[in-house]
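The structure appears right after this line, and notes come after that.
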Amino acid sequence: MRVVLFTIGDFHVHSYGVVVALAVLLALGVASHLAAGTPYREHITNIVPYMFVGAILSARIWHVFFFQWDYYSKHLSEIVYIWNGGIAIQGALIGGFIAMIIYTKKHRLSFWKLADMLAPAIVLGQSVGRIACFLNGDAYGSPTGSGFGIVYPEGSMAYDVYGSQPLWPAEIWEGQWDLIVFVLLLLSKNRKWAAGILFLAYNILYSFGRFNLEWLRGDSPRYAFHWTAGQWTSFSVIAVSLCLIVFLVMRDRKKTRILVQ
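For the sequence shown, the working numbering begins at 41 and goes up steadily by one.
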(Lines of atoms letter the chains of each structure in order from A and count residues from 1; the text may use other names and numbers.)
(Lines give C-alpha, C1' and ligand atoms only; values in the text may rest on other atoms or scores of the structure.)
Protein backbone atom coordinates (compact mmCIF):
# COMPACT_ATOMS: atom_id res chain seq x y z
CA MET A 1 0.00 0.00 0.00
CA ARG A 2 1.51 3.26 -1.10
CA VAL A 3 -0.34 6.57 -1.39
CA VAL A 4 2.59 8.33 -3.14
CA LEU A 5 4.47 6.18 -5.64
CA PHE A 6 7.41 8.53 -6.06
CA THR A 7 8.36 12.19 -5.99
CA ILE A 8 9.98 14.35 -8.65
CA GLY A 9 11.21 17.49 -6.93
CA ASP A 10 8.12 18.90 -5.22
CA PHE A 11 5.73 16.94 -7.45
CA HIS A 12 4.13 13.84 -5.91
CA VAL A 13 2.94 11.04 -8.19
CA HIS A 14 0.00 9.41 -6.42
CA SER A 15 -0.81 5.74 -6.84
CA TYR A 16 -4.53 6.52 -7.09
CA GLY A 17 -4.14 8.67 -10.21
CA VAL A 18 -1.74 6.25 -11.90
CA VAL A 19 -3.94 3.19 -11.35
CA VAL A 20 -7.13 5.02 -12.36
CA ALA A 21 -5.42 6.12 -15.58
CA LEU A 22 -4.39 2.51 -16.23
CA ALA A 23 -7.96 1.35 -15.52
CA VAL A 24 -9.35 3.83 -18.06
CA LEU A 25 -6.81 2.79 -20.71
CA LEU A 26 -7.55 -0.89 -20.10
CA ALA A 27 -11.31 -0.32 -20.34
CA LEU A 28 -10.82 1.70 -23.54
CA GLY A 29 -8.70 -1.07 -25.07
CA VAL A 30 -11.24 -3.77 -24.21
CA ALA A 31 -14.09 -1.62 -25.52
CA SER A 32 -12.24 -1.09 -28.82
CA HIS A 33 -11.69 -4.83 -29.12
CA LEU A 34 -15.34 -5.65 -28.42
CA ALA A 35 -16.48 -3.04 -30.95
CA ALA A 36 -14.16 -4.29 -33.72
CA GLY A 37 -16.05 -4.94 -36.94
CA THR A 38 -19.11 -2.98 -35.84
CA PRO A 39 -20.35 0.50 -36.79
CA TYR A 40 -19.66 1.57 -33.21
CA ARG A 41 -15.88 1.09 -33.42
CA GLU A 42 -15.22 4.64 -34.63
CA HIS A 43 -17.26 6.10 -31.78
CA ILE A 44 -15.36 4.43 -28.92
CA THR A 45 -12.63 7.06 -28.65
CA ASN A 46 -14.95 9.92 -29.64
CA ILE A 47 -17.30 9.25 -26.75
CA VAL A 48 -14.54 9.32 -24.12
CA PRO A 49 -14.48 13.14 -23.60
CA TYR A 50 -18.27 13.14 -23.09
CA MET A 51 -18.15 10.32 -20.57
CA PHE A 52 -15.09 11.75 -18.81
CA VAL A 53 -16.74 15.11 -18.17
CA GLY A 54 -20.05 13.54 -17.17
CA ALA A 55 -18.37 11.01 -14.88
CA ILE A 56 -16.15 13.53 -13.07
CA LEU A 57 -18.93 16.04 -12.46
CA SER A 58 -21.44 13.46 -11.27
CA ALA A 59 -18.84 11.60 -9.18
CA ARG A 60 -17.99 14.79 -7.33
CA ILE A 61 -21.65 15.75 -6.82
CA TRP A 62 -22.42 12.26 -5.49
CA HIS A 63 -19.51 12.33 -3.07
CA VAL A 64 -20.23 15.82 -1.76
CA PHE A 65 -23.98 15.51 -1.27
CA PHE A 66 -24.37 11.84 -0.34
CA PHE A 67 -21.14 10.92 1.42
CA GLN A 68 -19.68 14.02 3.08
CA TRP A 69 -22.36 16.70 3.09
CA ASP A 70 -21.89 17.26 6.84
CA TYR A 71 -18.37 18.46 6.07
CA TYR A 72 -18.97 20.32 2.81
CA SER A 73 -22.07 22.11 4.12
CA LYS A 74 -19.67 23.91 6.45
CA HIS A 75 -16.94 24.33 3.80
CA LEU A 76 -18.85 25.25 0.64
CA SER A 77 -15.83 26.77 -1.08
CA GLU A 78 -14.09 23.37 -1.02
CA ILE A 79 -16.77 21.63 -3.09
CA VAL A 80 -14.87 22.49 -6.28
CA TYR A 81 -11.51 21.33 -4.87
CA ILE A 82 -11.70 17.97 -6.62
CA TRP A 83 -7.89 17.78 -6.72
CA ASN A 84 -7.98 17.19 -2.95
CA GLY A 85 -9.82 13.91 -3.56
CA GLY A 86 -13.39 12.83 -3.10
CA ILE A 87 -15.28 11.14 -5.93
CA ALA A 88 -17.91 8.39 -5.88
CA ILE A 89 -17.80 5.57 -8.43
CA GLN A 90 -21.59 5.22 -8.53
CA GLY A 91 -21.93 8.91 -9.32
CA ALA A 92 -19.27 8.53 -12.02
CA LEU A 93 -21.22 5.68 -13.62
CA ILE A 94 -24.50 7.59 -13.61
CA GLY A 95 -22.84 10.70 -15.05
CA GLY A 96 -21.05 8.65 -17.67
CA PHE A 97 -24.27 6.96 -18.76
CA ILE A 98 -26.07 10.30 -19.02
CA ALA A 99 -23.22 11.55 -21.21
CA MET A 100 -23.56 8.38 -23.32
CA ILE A 101 -27.26 9.08 -23.83
CA ILE A 102 -26.46 12.62 -25.00
CA TYR A 103 -23.77 11.34 -27.38
CA THR A 104 -25.91 8.59 -28.91
CA LYS A 105 -28.81 10.98 -29.45
CA LYS A 106 -26.50 13.50 -31.09
CA HIS A 107 -25.07 10.88 -33.46
CA ARG A 108 -28.33 8.94 -33.92
CA LEU A 109 -26.96 5.71 -32.46
CA SER A 110 -28.66 3.05 -30.38
CA PHE A 111 -27.85 3.75 -26.75
CA TRP A 112 -28.78 0.21 -25.72
CA LYS A 113 -26.58 -1.50 -28.30
CA LEU A 114 -23.60 0.68 -27.46
CA ALA A 115 -24.19 0.20 -23.73
CA ASP A 116 -24.32 -3.60 -24.18
CA MET A 117 -21.00 -3.43 -26.00
CA LEU A 118 -19.30 -1.26 -23.38
CA ALA A 119 -20.61 -3.01 -20.25
CA PRO A 120 -17.82 -5.63 -19.92
CA ALA A 121 -15.13 -2.98 -20.46
CA ILE A 122 -16.68 -0.66 -17.88
CA VAL A 123 -16.87 -3.25 -15.11
CA LEU A 124 -13.30 -4.40 -15.82
CA GLY A 125 -12.17 -0.79 -15.41
CA GLN A 126 -14.07 -0.63 -12.13
CA SER A 127 -12.27 -3.73 -10.91
CA VAL A 128 -8.84 -2.26 -11.57
CA GLY A 129 -9.99 1.07 -10.14
CA ARG A 130 -10.62 -0.55 -6.77
CA ILE A 131 -6.89 -1.32 -6.60
CA ALA A 132 -6.41 2.45 -6.67
CA CYS A 133 -8.75 2.79 -3.68
CA PHE A 134 -6.78 0.14 -1.78
CA LEU A 135 -3.43 1.80 -2.48
CA ASN A 136 -4.88 5.15 -1.44
CA GLY A 137 -6.38 3.76 1.76
CA ASP A 138 -9.94 4.84 0.97
CA ALA A 139 -13.24 2.97 0.45
CA TYR A 140 -12.06 1.01 3.48
CA GLY A 141 -14.03 -1.39 5.62
CA SER A 142 -15.11 -1.30 9.24
CA PRO A 143 -13.20 -3.11 12.05
CA THR A 144 -13.44 -6.90 11.89
CA GLY A 145 -13.10 -7.30 15.65
CA SER A 146 -10.59 -10.11 15.10
CA GLY A 147 -7.06 -10.73 13.89
CA PHE A 148 -8.30 -10.98 10.30
CA GLY A 149 -8.31 -7.88 8.12
CA ILE A 150 -6.22 -5.13 6.57
CA VAL A 151 -4.16 -2.89 8.83
CA TYR A 152 -3.65 0.40 7.02
CA PRO A 153 -0.42 2.37 7.53
CA GLU A 154 -0.06 5.82 9.04
CA GLY A 155 -0.88 8.58 6.61
CA SER A 156 -3.86 6.78 5.09
CA MET A 157 -7.48 7.88 5.61
CA ALA A 158 -8.35 4.51 7.12
CA TYR A 159 -5.59 4.84 9.71
CA ASP A 160 -6.76 8.35 10.61
CA VAL A 161 -10.19 6.93 11.47
CA TYR A 162 -9.46 3.48 12.92
CA GLY A 163 -5.74 3.40 13.69
CA SER A 164 -4.10 -0.03 13.60
CA GLN A 165 -7.32 -2.05 13.83
CA PRO A 166 -7.78 -4.81 11.22
CA LEU A 167 -10.52 -3.72 8.77
CA TRP A 168 -12.68 -5.67 6.34
CA PRO A 169 -11.12 -5.69 2.83
CA ALA A 170 -14.29 -4.20 1.32
CA GLU A 171 -12.65 -2.51 -1.66
CA ILE A 172 -10.60 -5.60 -2.54
CA TRP A 173 -13.64 -7.89 -2.46
CA GLU A 174 -15.58 -5.40 -4.57
CA GLY A 175 -12.82 -5.46 -7.19
CA GLN A 176 -12.95 -9.27 -7.21
CA TRP A 177 -16.74 -9.22 -7.57
CA ASP A 178 -16.36 -6.87 -10.54
CA LEU A 179 -14.04 -9.40 -12.18
CA ILE A 180 -16.69 -12.10 -11.74
CA VAL A 181 -19.27 -9.81 -13.35
CA PHE A 182 -16.83 -9.15 -16.22
CA VAL A 183 -16.49 -12.87 -16.91
CA LEU A 184 -20.27 -13.44 -16.70
CA LEU A 185 -20.87 -10.64 -19.20
CA LEU A 186 -18.29 -12.03 -21.63
CA LEU A 187 -19.89 -15.48 -21.42
CA SER A 188 -23.32 -13.98 -22.08
CA LYS A 189 -22.59 -11.38 -24.76
CA ASN A 190 -22.93 -13.74 -27.75
CA ARG A 191 -26.36 -15.01 -26.74
CA LYS A 192 -29.39 -13.47 -28.37
CA TRP A 193 -30.78 -10.84 -26.01
CA ALA A 194 -33.02 -7.85 -26.54
CA ALA A 195 -30.86 -4.72 -26.91
CA GLY A 196 -30.02 -3.31 -23.48
CA ILE A 197 -30.43 -6.52 -21.47
CA LEU A 198 -26.70 -7.16 -21.10
CA PHE A 199 -26.10 -3.60 -19.93
CA LEU A 200 -28.95 -3.79 -17.42
CA ALA A 201 -27.69 -7.18 -16.21
CA TYR A 202 -24.35 -5.52 -15.55
CA ASN A 203 -26.09 -2.81 -13.52
CA ILE A 204 -27.98 -5.38 -11.47
CA LEU A 205 -25.00 -7.66 -10.84
CA TYR A 206 -22.64 -4.84 -9.91
CA SER A 207 -25.24 -3.17 -7.67
CA PHE A 208 -26.07 -6.49 -5.97
CA GLY A 209 -22.43 -6.99 -5.01
CA ARG A 210 -22.00 -3.37 -4.01
CA PHE A 211 -25.13 -3.41 -1.84
CA ASN A 212 -23.95 -6.43 0.16
CA LEU A 213 -20.36 -5.28 0.53
CA GLU A 214 -21.55 -1.92 1.83
CA TRP A 215 -22.45 -3.65 5.11
CA LEU A 216 -18.69 -3.96 5.66
CA ARG A 217 -17.80 -0.37 4.78
CA GLY A 218 -16.47 1.87 7.50
CA ASP A 219 -16.26 5.18 5.64
CA SER A 220 -19.89 5.97 4.80
CA PRO A 221 -22.68 7.68 6.76
CA ARG A 222 -25.85 5.64 7.20
CA TYR A 223 -29.42 6.70 6.63
CA ALA A 224 -32.84 4.99 6.77
CA PHE A 225 -32.70 1.23 7.50
CA HIS A 226 -29.05 1.82 8.44
CA TRP A 227 -28.23 1.80 4.72
CA THR A 228 -25.37 3.79 3.25
CA ALA A 229 -25.71 6.09 0.25
CA GLY A 230 -24.09 3.31 -1.76
CA GLN A 231 -26.80 0.87 -0.72
CA TRP A 232 -29.62 3.27 -1.51
CA THR A 233 -28.07 3.94 -4.91
CA SER A 234 -27.60 0.21 -5.56
CA PHE A 235 -31.18 -0.58 -4.55
CA SER A 236 -32.52 2.16 -6.83
CA VAL A 237 -30.39 1.00 -9.76
CA ILE A 238 -31.56 -2.60 -9.35
CA ALA A 239 -35.22 -1.55 -9.17
CA VAL A 240 -35.00 0.70 -12.23
CA SER A 241 -33.00 -1.90 -14.19
CA LEU A 242 -35.56 -4.63 -13.51
CA CYS A 243 -38.37 -2.37 -14.71
CA LEU A 244 -36.41 -1.51 -17.85
CA ILE A 245 -35.72 -5.20 -18.55
CA VAL A 246 -39.45 -5.92 -18.45
CA PHE A 247 -40.09 -2.97 -20.77
CA LEU A 248 -37.36 -3.94 -23.27
CA VAL A 249 -38.37 -7.61 -23.38
CA MET A 250 -42.04 -6.74 -23.94
CA ARG A 251 -41.09 -4.23 -26.65
CA ASP A 252 -38.85 -6.79 -28.35
CA ARG A 253 -41.63 -9.41 -28.33
CA LYS A 254 -44.09 -6.91 -29.74
CA LYS A 255 -41.73 -6.11 -32.61
CA THR A 256 -41.26 -9.84 -33.26
CA ARG A 257 -45.04 -10.41 -33.45
CA ILE A 258 -45.43 -7.51 -35.89
CA LEU A 259 -42.67 -8.91 -38.13
CA VAL A 260 -44.22 -12.38 -38.07
CA GLN A 261 -47.62 -11.02 -39.07
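Backbone N, C-alpha and C define an ideal beta-carbon position, used for all residues, glycine too.
Less than 6 Å between C-beta atoms, sequence neighbours within five positions excluded: which residues of the same chain meet that for residue i?
| i | result |
| --- | --- |
| D178 | M197 |
| A99 | I127, A128, G131 and A132 |
| L74 | M157 |
| P160 | F222, L225 and L226 |
According to DSSP, is residue i part of a helix, a strand, or is it coil?
| i | result |
| --- | --- |
| P183 | strand |
| T268 | strand |
| R148 | coil |
| R231 | coil |
| F42 | Here residue 42 turns out to be Arg, not Phe, going by the sequence shown. Residue state, collapsed to three classes: coil. |
Buried or exposed: where does residue i fall if 16 or more other Cβ atoms within 10 Å of its Cβ makes it buried?
| i | result |
| --- | --- |
| G195 | exposed |
| L282 | exposed |
| H266 | exposed |
Look at the alpha carbon of residue i and the alpha carbon of residue j, and state the distance between them as a whole number of angstroms.
| i | j | result |
| --- | --- | --- |
| C173 | R148 | 37 Å |
| G258 | R297 | 51 Å |
| Q216 | T85 | 27 Å |
| L68 | A155 | 13 Å |
| L245 | D50 | 43 Å |
| T47 | L227 | 42 Å |
| I285 | L240 | 7 Å |
| V93 | G270 | 21 Å |
Ignore the nearest five residues each way along the sequence and tell me which others in residue i's own chain have a CB closer than 7 Å to its CB.
| i | result |
| --- | --- |
| Y143 | I87 and Y90 |
| H52 | V44 |
| L224 | L245 |
What residues are listed by DSSP as bridge partners for residue i?
| i | result |
| --- | --- |
| I190 | L207 |
| H52 | T47 |
| R100 | DSSP output for R100 lists no bridge partner at all. |
Is any heavy atom of the ligand GTP found at a distance shorter than 6 Å from the C-beta of residue i?
| i | result |
| --- | --- |
| F275 | No copy of the ligand GTP occurs in the structure displayed, which carries no ligand at all. |
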